[in-house]
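Here's the structure we're looking at; comments come further down.
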Amino acid sequence: MDDNIRELVDRLLEGDRRAAARLITLVEEGPSTAREVVEALHPYTGHAYIVGITGLPGSGKSTLLDKLITLARREGLKVGVIAVDPTSPFTGGAILGDRIRMQRHSTDPGVFIRSMATRGSLGGLARATDDAVKVLDAYGCDVIFVETVGVGQTEVDIVKTADTVVLVTVPGLGDDVQAIKAGLMEIADVFVINKADREGVEMTYMEIKMVIEFERERWAKSGWEPPVVSTVAFTLSGVRPLWEAIKKHEEFLKSSGKLMEKRRKRVEEEVKRIAIGKVREAMESRLMDEDISSVVNAVLERRIGPYSAADVLMRKAGISV
Amino acid sequence: MVERSKVRIVIAKPGLDGHDRGAKVVARALRDAGYEVIYTGIRQTPEQIVETVVQEDAAVLGISILSGAHMVLIPKILRMLEERGLKPNEDIVVFVGGIIPPDDAEELKKLGVAEVFGPGTPLSKTIEFVDRAVSKLKRFQESNG
Chain A
-5 MDDNIRELVD
5 RLLEGDRRAA
15 ARLITLVEEG
25 PSTAREVVEA
35 LHPYTGHAYI
45 VGITGLPGSG
55 KSTLLDKLIT
65 LARREGLKVG
75 VIAVDPTSPF
85 TGGAILGDRI
95 RMQRHSTDPG
105 VFIRSMATRG
115 SLGGLARATD
125 DAVKVLDAYG
135 CDVIFVETVG
145 VGQTEVDIVK
155 TADTVVLVTV
165 PGLGDDVQAI
175 KAGLMEIADV
185 FVINKADREG
195 VEMTYMEIKM
205 VIEFERERWA
215 KSGWEPPVVS
225 TVAFTLSGVR
235 PLWEAIKKHE
245 EFLKSSGKLM
255 EKRRKRVEEE
265 VKRIAIGKVR
275 EAMESRLMDE
285 DISSVVNAVL
295 ERRIGPYSAA
305 DVLMRKAGIS
315 V
Chain B
-16 MVERSKVRIV
-6 IAKPGLDGHD
4 RGAKVVARAL
14 RDAGYEVIYT
24 GIRQTPEQIV
34 ETVVQEDAAV
44 LGISILSGAH
54 MVLIPKILRM
64 LEERGLKPNE
74 DIVVFVGGII
84 PPDDAEELKK
94 LGVAEVFGPG
104 TPLSKTIEFV
114 DRAVSKLKRF
124 QESNG
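One line per chain: the protein sequences are A and B, in this order. Under my numbering, the first residue of the first sequence carries the number -5, and numbering increases by one thereafter. Under my numbering, the first residue of the second sequence carries the number -16, and numbering increases by one thereafter.
Below you can see the structure in the form of structure tokens.
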């Protein structure tokens, strides 16, 4: 299959799975291919509802997701899944194993599952995850689940990507609940205590409720107090309360106008991020080594200060402030 | 050489064979060499494997099979890949690991399997093979894009 992007997008809109897969690869490839793809797809996006599933490794996210997919399919929804796993900082490689627990859905034409490696990004998602979501949105998915490892203050990319953020914990974590507290717990829309057939559920429930109580002001302002849902991911009935909570949050966001607010903010952040990236690119490509070393010498010799030096560089790069 | 971190490899175990240690060892070795490896788990049907290859846009498919059912399952997988427009050695590299008698290995290679690795194959050999084989794929030719 040729990598003619226009052709791939046409096929994508007709529901061609290979085109969808190929386009996701292209957005991962790099900024220039990503740009071409995203600009071509953009008019066809905006329909899908995005659910982020995050939590510590081993909390059962993938197994929960497996059941959520079934529940969504039973309602006739087309489902997309992006499962993100970390790239090894030492080797640059990755093992993407989340799909194992959802494999029975691979052959369902109404489900598209893609694994992604973070490839060096630090926030819990890959740089290309947002763009991959757009591909699946244009492909026709009604709901897109993005699964990732989330641990605390650094892994919060998911909040910027998802409409509903689900944080999955398990009973008896103790210190780990403390660890997740700063960061993720402040921004989750639905809390889950998975493996609720184990001991320690009440205690974990109380700990989470305490955090929610602590953040009461924030929830009161937003109008949504996050529910704490117990699940046992082995059975559909064990996961149904989570599915209901997600739908309730979606309903709340839509009826209160907050969904539009969120998406507006998301677009603003994305456009700003791309613009800042382009400024950085411009500076890197337009400045010669001599330009930089001459201002560095001037600063070291105390002829000019660092701020003036920066002004010189910006002028040289053709960027006016 | 093709940048390994941009090469996605599906490692799959078809059929009723539950012996997955070999597959996992190879998967880890490929990860340590810098590849992105999608491991499907055991008991996959040919349909599930082919769908996974399509959705993950994989350049390489490694099939691990020790149960003896290879002459039924692998040709079926190859056929289904072709039906989806994926030609072996042009669009995708297919290799096999496990217990495969030499005559069957020859037969499989005629059908499009690029290489068959038996027990005791050094991991370095597998990695070298993948490096070489992917460089021949259409998608990694300089003229593309």
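Ideal Cβ placement from N, Cα and C applies to all residues, glycine included. Computed from a predicted model, the values in this text were never measured in an experiment.
Q.
With three or more C-beta pairs closer than 8 Å as the rule, is the segment 227 to 247 of chain A touching the segment 258 to 277 of chain A?
A. They do not touch, by the three-pair rule.
Q | From A:Ile18, A:Arg68, A:Ser314 and A:Glu255, residue whose alpha carbon lies closest to that of A:Thr123 | A | Residue A:Ile18 holds the alpha-carbon nearest to the alpha-carbon of A:Thr123 among A:Ile18, A:Arg68, A:Ser314 and A:Glu255.
Q) Mind checking if B:Asp40 is an interface residue toward chain A, Cβ cutoff 8 Å exclusive? A) So, interface residue.
(Q) Does chain B have any CB closer than 8 Å to the CB of A:Leu274? (A) The amino acid occupying residue 274 of chain A in the given sequence is Arg; Leu does not appear at that position. No, A:Arg274 lies away from the interface with chain B (no Cβ there is under 8 Å from its Cβ).
Q. Would a check of beta-carbon distances place B:Ala6 closer than 8 Å to chain A?
A. Closer than 8 Å: no.
Q. Starting from A:Glu244 and walking both ways along the alpha helix (DSSP H), at which residues does that stretch end?
A. Here the alpha helix (DSSP H) through A:Glu244 covers Leu230 to Ser250.
Q | Residue nearest to B:Phe100 in terms of C-alpha spacing, selected from B:Leu120, B:Ile46 and B:Arg14 | A | Distance from the Cα of B:Phe100 is smallest, within the candidate group B:Leu120, B:Ile46 and B:Arg14, for B:Ile46.
Q | Simplified DSSP state of B:Met54, which is helix, strand or coil | A | The answer is helix: DSSP assigns B:Met54 an H, G or I state.
Q.
When you compare the CB of A:Phe185 with every CB in chain B, is at least one pair closer than 8 Å?
A. Taking Cβ atoms only, chain B never reaches closer than 8 Å to A:Phe185, which makes this a no.
Q: Going by DSSP, name the residue or residues bridged to A:Met110.
A: Answer is A:Val78.
(Q) For A:Gly232, which residues in the same chain have their Cβ closer than 7 Å to its Cβ, ignoring the five residues on either side in sequence? (A) For A:Gly232, the CB contacts under 7 Å within the same chain, skipping 5 residues up- and downstream, are Thr225 and Val226 in chain order.
Q.
Between B:Glu90 and chain A, is the shortest Cβ-Cβ distance under 8 Å, so that the two count as touching?
A. Not a single C-beta of chain A is nearer than 8 Å to the C-beta of B:Glu90.
Q: Measuring alpha carbon to alpha carbon, tell me which of A:Trp218, A:Val223, A:Glu275 and A:Ser115 ends up nearest A:Leu161.
A: The residue from A:Trp218, A:Val223, A:Glu275 and A:Ser115 with its alpha-carbon nearest to that of A:Leu161 is A:Val223.
Q: Residues of the segment 105 to 134 of chain A with a CB closer than 8 Å to any CB of chain B: list them in chain order, please.
A: For the segment 105 to 134 of chain A, the residues whose beta carbon sits under 8 Å from a beta carbon of chain B are, in order, Phe106, Ile107, Arg108, Ser109, Ala111 and Arg113.
Q | Reduced DSSP secondary structure (H/G/I, E/B, other) of A:Asp60 | A | Here A:Asp60 sits in helix by DSSP.
Q) Going by C-alpha distance, which of B:Val55, B:Val76 and B:Ala6 is nearest B:Lys121? A) Considering only alpha carbons, the answer is B:Val76.
(Q) For A:Ile107 and A:Asp60, I'd like the C-alpha separation in whole angstroms. (A) In a straight line, the C-alpha of A:Ile107 is about 11 Å away from that of A:Asp60.
Q: Can you give me the Cβ contacts of A:Gly117 inside the same chain, cut-off strictly under 7 Å, excluding the 5 residues immediately before and after it?
A: Thr148, Glu149, Val150 and Asp151.
Q. Nearest chain B C-beta to A:Arg12 closer than 8 Å, yes or no?
A. True, the Cβ-Cβ gap to chain B drops below 8 Å.
Q: Measure the Cβ-Cβ separation of A:Ala15 and B:Glu39 and say whether it is below 8 Å.
A: The answer is yes: Cβ separation under 8 Å.
(Q) Considering only DSSP beta bridges, list what B:Phe112 is partnered with. (A) DSSP lists no beta-bridge partner residue for B:Phe112.
Q) Which two residues bound the contiguous beta strand (DSSP E) that contains B:Ser47? A) Counting along the chain, the beta strand (DSSP E) containing B:Ser47 begins and ends at Val43 to Ile48.
(Q) Does the CB of A:Gly87 have a neighbour CB from chain B at under 8 Å? (A) Answer yes: the Cβ-Cβ gap between A:Gly87 and chain B drops below 8 Å somewhere.
**Q.** Integer-rounded CB distance, given that A:Ile138 should sit under 8 Å from A:Gly159
**A.** Note that residue 159 of chain A is Val in the sequence shown, not Gly. Not really, about 13 Å apart at Cβ, beyond 8 Å.
Q) Does DSSP classify A:Glu295 as helix, strand or coil? A) If DSSP states are grouped into helix, strand and coil, A:Glu295 belongs with coil.
Q. Listing by chain order, which chain A residues have their CB less than 8 Å from the CB of B:Val20?
A. Under the 8 Å cutoff, chain A gives Gly87, Ala88, Ile89 and Leu90.
Q. What does A:Ala88 pair with, by DSSP beta-bridge criteria?
A. B:Glu19, per the DSSP bridge assignment.
Q. How about A:Ser82 and B:Gln31: do their beta carbons lie closer than 8 Å?
A. No.
Q: Give a yes or no on whether the minimum CB-CB distance between B:Ala52 and chain A is below 8 Å.
A: B:Ala52 does not count as touching chain A.
**Q.** For A:Gly104 and B:Pro71, the rounded distance between their alpha carbons
**A.** Each residue's alpha carbon lies about 27 Å from the other.
Q: Report the rounded CA-to-CA distance for A:Glu278 versus A:Met308, giving the unit in angstroms.
A: One C-alpha to the other measures close to 11 Å.
Q) A:Gly74 to B:Glu98, Cα distance in whole Å? A) A:Gly74 and B:Glu98 have their C-alpha atoms spaced approximately 34 Å apart.
Q: Examine chain A for any beta-carbon lying closer than 8 Å to the beta-carbon of B:Thr109, and answer yes or no.
A: No, B:Thr109 does not count as interfacial toward chain A.
Q) Is there a Cβ from chain A that is less than 8 Å from the Cβ of B:Gln31? A) With its beta carbon less than 8 Å from one in chain A, B:Gln31 belongs to the interface.
Q. Looking at C-beta atoms only, is the number of pairs between the segment 50 to 70 of chain A and the segment 128 to 143 of chain A that lie closer than 8 Å three or more?
A. The answer is yes - the segment 128 to 143 of chain A touches the segment 50 to 70 of chain A, with three or more Cβ pairs under 8 Å.
Q. B:Gly81 bridges to which residues according to DSSP?
A. DSSP output for B:Gly81 lists B:Ile48 as bridge partner(s).
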